[in-house]
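Written out below as structure tokens is the structure these notes cover.
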Amino acid sequence: MKCTLMNKNIPVVTLELDEDTAAIIKVITPLNLAYLPVGVGTRKGVPDKKELNDWWYGRAIPASRSGIQSALEKMGMNRSEQLLTKCYGLSLSDQYWMKPENSRLSWSAVNFFENSFSDDIGNVLFDQPINHQAIDMMSPCNTSDGWLKKRWKIINGKRCLVKTGSNPFMQEPLNEVVATKLHQRLGCQNYVNYSLFWENGVPYSVCEDFIDTDTEFVNAASINRSMKKRSQNSSYQHFLQACDQLGIPGMKEFLNYIMVFDYIMANTDRHFGNFGAVRDVNTLEWIGPAPVFDSGTSLWHDKLTKNIRGYDAVESKPFYADAERQLKLVSDYHWIPFEELEGVGEDIQAVFGTSEVMEEERIEAIVRAVQMRIGKLRDVSNR
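Start counting the sequence shown at 233; every next residue gets the next number (our numbering).
Listed below in structure tokens is the structure:
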């Protein structure tokens, strides 16, 4: 199947896709290479096919997604990559899409920012019923990342991401709300605001899309791939150098913030896919760091209550596996309003107190552990 990779209304490169696997099997004609996805290189003026495939397949629902195999069986598929072509590769994180050869489709007619989309895929992913036989595949849920169950839904005219949690505590959605309150106490202006709702005893977090028709989210992994890493540089140094080379403003200060925030939250999964930068798709000018989002895998969400201890080592990402070592990368602590952090325990109590599966003993253990980490952070800042 021949098609053109488009960035909004701009044709970028013509390609040939395998109809069974959705793999890019041939790069045909480069058209506007300035609009290639960030991190996809060229060789002699032709986009690298492997790097294009890595980017393309990176848009698919990962095989690790909870319940994905059962969902694929219901849709008559055996791999999530097959969903990509069912919605032209459209996403709510950027404006890239695949336009079939000789098609008269336009961006304005198909994009999910301005047009409605089917709830069918979201219902299948959440194991909810569909009221008709044929499944409508036009959905941004086809291109959503992450291992937790999630779906895009239009709520009061807003494009919103709805996520659930994992057993046994279903804590991740509540953690997102705690994270929102922590951002507010830290005085952050660049974060995604999460709210919470319960349905049939199950918690869900909800947030609005922070990307619109004129912007795109570029994750840190793509930024890293935009330049070759020097062997003498750490991953932290390489990422900042890549940001400097691309012209992304304010990233060092943002990393100072996010490493402090993640330390307090005991976040174990700040990987290179869930932070990055926002770019104007029309001018290709960088706006700055993307707002902080996806902080649910934190606050000892998968630990038994007896194993929640603030003084224990916590696995971290993205620069070091040791949270204490990663914290040493922070170059400035003076901005931290420690007096505001004194009320974090009350925030945690208020949010977790709504849970039907979290006992008071667990909530108190999390409060003590977070307060201990804030104390350790204060000690580090005074050195």
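For every residue, glycine included, the Cβ atom is placed at its ideal position computed from N, Cα and C.
- Between the beta-carbon of proline 550 and that of serine 467 there is about 7 angstroms, and that keeps the pair under the 8 angstroms contact cut.
- Here asparagine 506 has Asp526 as same chain residues with Cβ atoms under 6 angstroms from its own Cβ, once five neighbours each way along the sequence are excluded.
- Take the alpha-carbon of arginine 615 and the one of leucine 609: they are about 10 angstroms apart.
- For tyrosine 423, the closest alpha carbon among the candidates Tyr489, Glu431, Phe471 and Pro262 is that of Tyr489.
- Distances from the alpha-carbon of proline 279 to those of Leu478, Ala295, Leu472 and Ile260 put Ile260 closest.
- Secondary structure note for isoleucine 580: its alpha helix (DSSP H) is the uninterrupted segment 576-584.
- For cysteine 392, the three-state secondary structure derived from DSSP is strand.
- The residue among Leu263, Gly321 and His533 with its C-alpha nearest the C-alpha of threonine 375 is Gly321.
- Residues of the same chain with a CB within less than 6 angstroms of the CB of asparagine 355, apart from the 5 flanking positions on each side, are Ile362 in chain order.
- Lysine 234 carries a strand assignment under DSSP once its states are collapsed to helix, strand and coil.
- A direct Cα-to-Cα measurement between glutamate 251 and serine 427 gives close to 39 angstroms.
- The C-alpha of serine 530 lies about 44 angstroms from the C-alpha of leucine 263.
- It is roughly 20 angstroms from the alpha-carbon of arginine 457 to the alpha-carbon of proline 294.
- Methionine 497 is positioned such that its CB atom lies no closer than 9 angstroms to that of alanine 597.
- Proximity to lysine 538 across Ala555, Val513 and Ile595 peaks at Ile595, based on C-alpha coordinates.
- Distance between leucine 324 and serine 340, taken at the CA atoms: about 14 angstroms.
- DSSP places isoleucine 387 in the strand class (E or B) of the three-state scheme.
- In this model, leucine 316 and alanine 292 are separated by some 6 angstroms (Cα to Cα).
- In this structure glutamate 333 touches lysine 234 by the C-beta definition: roughly 4 angstroms separates them, less than 8 angstroms.
- With respect to serine 350, methionine 370 sits close: the two C-beta atoms are nearer than 9 angstroms.
- By the neighbour-count criterion, in which a residue is buried when 16 or more other Cβ atoms sit within 10 angstroms of its Cβ, tryptophan 430 is exposed.
- With a beta-carbon spacing of about 6 angstroms, tyrosine 436 and proline 405 fall inside the 8 angstroms limit used to define contacts.
- Short of 7 angstroms from the beta carbon of tyrosine 289, and not among the five residues preceding or following it, lie these beta carbons of its own chain, in chain order: Glu313.
- Per DSSP, the unbroken beta strand (DSSP E) holding phenylalanine 429 starts and ends at 426-431.
- For serine 587, the number of other beta carbons within 10 angstroms of its own is at least 16, and it is reported as buried.
- Between glycine 542 and alanine 601, the C-beta gap is smaller than 9 angstroms, which places the two residues in contact.
- Within 10 angstroms of the beta-carbon of threonine 515 lie fewer than 16 other beta-carbons, which makes it exposed.
- Aspartate 534 counts as exposed, since fewer than 16 other beta carbons sit within 10 angstroms of its beta carbon.
- Non-local C-beta neighbours of lysine 240 in its own chain, meaning closer than 7 angstroms and more than five positions away in sequence, comprise Gln327, Trp339 and Val513, ordered along the chain.
- Closest in C-alpha terms to tryptophan 518, from the list Glu593, Ser296 and Met483, comes Met483.
- If you look at tryptophan 288, you'll find it in the alpha helix (DSSP H) that goes 281-289.
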